[in-house]
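In full-length UniProt numbering, the protein residues as written are 1 to 227. Ideal placement from N, C-alpha and C gives every residue a C-beta, glycine not left out. Since we're looking at a predicted model, the values are computed, not measured.
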């Protein structure tokens, strides 16, 4: 029987972005790619977007499909959700792999990131990306996905769901991966989290920016498999 593996997408994303990686890993794992509520066409929840809310959704998903303990590989926000789950419900998690996860949040960082989530700006500067978001989240309004995500990031800027001391309490094995061309996630914050974890490995992925669509999918799949 194949080992289960959860692949978690990032903020304003959807499982389709991880499908090639999932296909590569299916020879070794039983791969699950759940969309977060409100993403990828899944119904918009009544609750605001938040890391604890998304973590609870994934915890319920793990229990529903009897996957525990499960390996979770998360891109960007998906990695943060995986780490939050490992911190608060470690019995559900076998190991964690993160890629391009931004761990450090304060008001200034949140303001900078939410400025990139303005629909009018995206329509004017990167209309093709706006069209992709519209298609990816239909029948939901992609602009609502952006607005709810911006609210979540602002809340994280006021209170980071994972504080520095939380990482020392995570006992499951963790592989922290950062692309060498990632302009959103700093090397400093990645190293700071890696150094606080008690059972961790660090991987710097060559030729890799933050955008998962531009990442070397074969290499990422291999690193997930080896982690």
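Where residue i falls: helix, strand or coil (DSSP)
{"i": "residue 78", "result": "helix"}
{"i": "residue 170", "result": "coil"}
{"i": "residue 181", "result": "coil"}
{"i": "residue 191", "result": "helix"}
{"i": "residue 211", "result": "coil"}
{"i": "residue 197", "result": "coil"}
{"i": "residue 202", "result": "strand"}
Nearest residue (CA-CA) to residue i, options the options
{"i": "residue 106", "options": "133, 161, 39 and 28", "result": "161"}
{"i": "residue 28", "options": "174, 1 and 126", "result": "1"}
{"i": "residue 65", "options": "34, 136 and 167", "result": "34"}
{"i": "residue 46", "options": "98, 144 and 196", "result": "144"}
{"i": "residue 213", "options": "140, 171, 151 and 21", "result": "21"}
{"i": "residue 142", "options": "8, 9, 42 and 6", "result": "42"}
{"i": "residue 190", "options": "76, 129 and 59", "result": "76"}
{"i": "residue 201", "options": "99, 147 and 174", "result": "174"}
{"i": "residue 48", "options": "112, 124 and 151", "result": "151"}
{"i": "residue 120", "options": "146, 53, 56 and 69", "result": "146"}
{"i": "residue 58", "options": "108, 5 and 99", "result": "5"}
Cut-off 7 Å between Cβ atoms - residues of its own chain near residue i, not counting five sequence neighbours on either side
{"i": "residue 193", "result": "103, 167 and 176"}
{"i": "residue 240", "result": "Outside the displayed range of the chain (1 to 227) lies residue 240, so it cannot be described from this structure."}
{"i": "residue 110", "result": "153, 154, 156 and 157"}
{"i": "residue 204", "result": "178 and 180"}
{"i": "residue 196", "result": "164, 167 and 168"}
{"i": "residue 114", "result": "150, 153 and 154"}
Buried/exposed call for residue i, threshold 16 Cβ in 10 Å
{"i": "residue 18", "result": "buried"}
{"i": "residue 182", "result": "buried"}
{"i": "residue 83", "result": "buried"}
{"i": "residue 3", "result": "exposed"}
{"i": "residue 187", "result": "exposed"}
{"i": "residue 67", "result": "buried"}
{"i": "residue 128", "result": "exposed"}
{"i": "residue 81", "result": "buried"}
Proximal residues to residue i (C-beta, below 6 Å), its chain only, five neighbours per side dropped
{"i": "residue 25", "result": "31 and 221"}
{"i": "residue 86", "result": "93, 96, 170 and 172"}
{"i": "residue 73", "result": "7, 97 and 224"}
{"i": "residue 78", "result": "8, 9 and 10"}
Chain-order list of residues whose beta-carbon lies under 8 Å from that of residue i (same chain, five-residue window excluded)
{"i": "residue 14", "result": "35, 39, 40, 41, 136 and 137"}
* To do: List in chain order: all unbroken alpha helix (DSSP H) runs of 4+ residues lying wholly within the stretch 41 to 89.
  => 51 to 64 and 77 to 88
* **Segments assigned alpha helix (DSSP H), at least 4 residues, entirely inside the stretch 89 to 153** => 107 to 114, 119 to 125 and 127 to 137
* What runs of the alpha helix (DSSP H), each 4 residues or longer, lie entirely inside the stretch 3 to 27? -> 19 to 25
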